[in-house]
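Numbering (my numbering), first residue to last: 56 to 185.
Just so it is clear, CB atoms sit at the ideal spot from N, CA and C, and this is done for glycine as well.
As the structure is a prediction and not an experimental result, all values here were calculated from the model.
One structure is given here, and the rest of the page talks about it.
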């Protein structure tokens, strides 16, 4: 079980941050000051959260376990996928149309969504096979 959660955490939660970490380092090397809210201003953290919840849905679907826990966590992930997709649509449509966003508020909201996605996604990964 520990191997399963570590593999999930690395492949689904940590690796998607690599392009953003590289961007952050490049900007620092160029002498351009960057903050985390600015780094995530286009909804990148929402996309990572979408990946996490989508993986949770997949994990809940493929298990043969018929427990209430599976249905509850899988359903929460499924609902979050749609909620995050709609929110990302609003964020990115504002980016494309050059409308101002409150990036501090977006970052705060995105952090809570990410944390929620990680918890419920991990719960789906931890569903016993039977």
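If contacts are defined as beta-carbon pairs under 8 angstroms, then residue i and residue j qualify, I think. What distance do you get, rounded to the angstrom?
i	j	result
residue 118	residue 175	Contact doesn't hold; Cβ gap of about 15 angstroms is too wide.
residue 60	residue 177	6 angstroms
Would you check if the distance between the CB atom of residue i and the CB atom of residue j is smaller than 8 angstroms?
i	j	result
residue 105	residue 139	yes
residue 135	residue 110	no
residue 63	residue 182	no
Give every residue of the same chain whose Cβ lies closer than 6 angstroms to the Cβ of residue i, excluding the five residues on either side of it in the sequence, and list them in chain order.
i	result
residue 156	149
Spatial neighbours of residue i within its chain, please: CB distance less than 8 angstroms, with the 5 preceding and 5 following residues excluded, ordered by chain position.
i	result
residue 146	97, 98, 101, 156 and 161
residue 184	118, 119 and 120
residue 86	none
Can you list, in chain order, the residues of its chain with a C-beta nearer than 7 angstroms to that of residue i? Leave out the 5 residues immediately preceding and following it.
i	result
residue 158	92, 93 and 96
residue 169	100, 103 and 104
residue 125	115, 118 and 182
residue 79	89 and 94
Given 8 angstroms, three or more beta-carbon pairs between the region 140–154 and the region 72–83
no
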